[in-house]
Structure formats: structure tokens, C-alpha cells
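Residue numbers (this note's numbering): 3 to 270.
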Ligand code: AMP
């Protein structure tokens, strides 16, 4: 699963990304987090990004594209990822397209969270209050003045990506002003329409294969064993029986084995 979460600052991208990470076992690639880590570590990238981020402006495309390209190449991103805060400009989106194409990868969807500007202001104010209450350090860009710049950067440079991805037919818009659980449910429904539905169909096939395996084990395997015995050949081993039942597909055979092993262990 490869996803992009698109939305203005304070739209809840991070919250939804963390949930999707757990649900799909994919990694969250947040350029904001990567840049903050670089700033904290005082790397050359961090030194370039520090003041820009503190002002609420966007970092240069080439800098951000470079860190994403490197991160996407890590083994943990192979199974899938959710991009949070990237791309933020059309050139970044084009660079991402090229990156994915070079790897023979495709996006499964771009989830756009729609939130009004005044709600964003109050959400950031709440986030600041919560951080203060917990005694946590505040992000230098979580204050009303910088937030205005960040929202303006979103409007001018990032919002055009809605049309960019609509044009690619991968955009899925969600009302980001609903309660977190409703936003989550809406995202799940949208994702189920595409890849998850395929997975569900696959699951049904596995179930059918498992049921067949069980049924044949009771009905067909015994005659098969009898037949083997009547030919005065030794009865097939357990694993040979499972493979025979699960034929013609080798994958189905593997699934049959798994099902048997699982039910065996459940029996203790
Ligand atoms: P975020 O945590 O996603 O809100 O990002 C915090 C800040 O990091 C932004 O205000 C930008 O200064 C910088 N940043 C994060 N991602 C990007 C990006 N894709 N392009 C440019 N700047 C970015």
C-alpha cells in the first residue's frame, strides 16, 4: 500500500497516518519529522532547513526530494509507505512520479483532508495548549503568526496538488473536520474500494481453499488413500495428502499447509 496524505497544517495528517501505519503495516514518511530530526542533529540539510521552517515557509524542492528519495530506498519502505507532508509542490509531485516509475511502483491513493482555515487555527492553538500542559517542548512553527504563513504556503503551493492527483484519478477527498474516528472510517471506506477489496476477494479464495482442504481431507483424501493402498503402495504422507488436496496451485498447497498447521496448534 502506497499512500499520500494531503492536507493543510493541522488537518490531522499525522494522526491518520499513524493509524494507517498500524492497520496496513507500512511506514510513515513524514518530511516534517525528517527535517526536524535533521535540524536537531545539526546536519547540513538541517542547517539549511532550520530558519525556513521556523518562518513557516517551504524548504527547497531539491532538498526535500533528496531526503525522500533516500528514505524510500530503505528496506522498511519496501512493503509500503504513507507520505505525510510530501509532496507539497507540483515539482515535488513530479519528482515523486519519476521516483516511483523508476522503481516500477504505483500509488494506491492520495487522501486529501479538507479543513477550513479557521478550524486549523483553533486546532493548532489546542495542540500548543496540550503540549504546554504536558510540559513538552513546542515546535517553533506552532504559533499563530507562523501558522498563517504555513496555511498561505499550503494554499499557494500545495493546494494545486488536489487537481494534479485528481487528473491522475487517484484522489480521494475526506472531510477532515469530522471527529477523528469518522475521518478514519471514511478513509477506510475509500481505501477498501480499491486495493483492500482485492485483498478481501483473495481472502475469500483462501477461505474457500481452506474449507475445501478440510472437506477433501474428510471425504476425498480417504478414498485417495484407499486407492493408494489398493495399489499396494504405501499411503501418502500427511504433507503429500495436503499437496494433493490443494492441487493444482502450489500457492494453494502452501495455504492448505498453513491452515492445517494452525488448526493443529489450536488443538494444542
Ligand atoms: P510539517 O511537520 O509537515 O508541518 O512540516 C513542517 C515544516 O517542514 C514545513 O512548514 C516546511 O517548512 C518543512 N517541510 C516539510 N515537508 C516539506 C515539503 N514536502 N516541502 C517543503 N518543505 C517541507
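Each residue gets a CB set at the ideal place from its N, CA and C atoms; glycine is no exception. From a predicted model like this one, the values you see are computed outputs, not experimental measurements.
Beta bridge pairing from DSSP links residue 185 with no other residue. Contact between residue 37 and residue 114 does not hold, since their C-beta atoms are separated by about 22 Å, which reaches or exceeds 8 Å. Here the alpha carbons of residue 140 and residue 133 stand approximately 7 Å from one another.
For residue 97, same chain residues with a beta-carbon under 6 Å away, outside a window of 5 residues either side, are 67 in chain order.
With contacts defined by Cβ atoms closer than 8 Å, residue 7 and residue 18 form a contacting pair.
In the DSSP annotation of this structure, residue 136 is not part of any alpha helix (DSSP H), being labelled neither H nor E. Annotation for residue 73: 31, 36 and 79 place their beta carbon closer than 7 Å to its own, counting only its chain and skipping 5 residues before and after. For residue 116, the three-state secondary structure derived from DSSP is strand. Per DSSP, reduced to three states, the secondary structure at residue 90 is coil, with no helix or strand assignment.
Counting along the chain, the unbroken beta strand (DSSP E) around residue 173 starts and ends at 173-177. A Cβ-Cβ distance of about 3 Å is found for the pair residue 151 and residue 58, placing them in contact under the 8 Å criterion. If you draw a straight line from the Cα of residue 188 to the Cα of residue 176, it comes to about 7 Å.
For residue 49, the distance from the CB to the nearest heavy atom of the ligand AMP is not below 7 Å. Contact between residue 21 and residue 107 does not hold, since the beta-carbon distance rounds to 23 Å and is not under 8 Å. About 5 Å separates the Cβ atoms of residue 126 and residue 149, confirming a contact at the 8 Å cut-off.
In the three-state reduction of the DSSP assignment, residue 5 falls in the strand class.
Residue nearest to residue 94 within the set 48, 166, 53 and 39 is 166 (criterion: CA-CA distance).
The three-state secondary structure of residue 111, taken from DSSP, is strand. Here residue 129 really is in contact with residue 144; their C-beta atoms are around 6 Å apart, less than 8 Å. For the pair residue 87 and residue 24, the CB atoms are not nearer than the 8 Å cut-off.
Residue 84 has 5 and 30 as its beta-bridge partners, per DSSP. The ligand AMP has no heavy atom closer than 7 Å to the beta-carbon of residue 147. Secondary structure of residue 15 (DSSP, three-state): helix. At a Cβ-Cβ threshold of 8 Å, residue 91 and residue 69 do not count as neighbours. Here the C-alpha atom of residue 45 lies approximately 39 Å from the C-alpha atom of residue 180.
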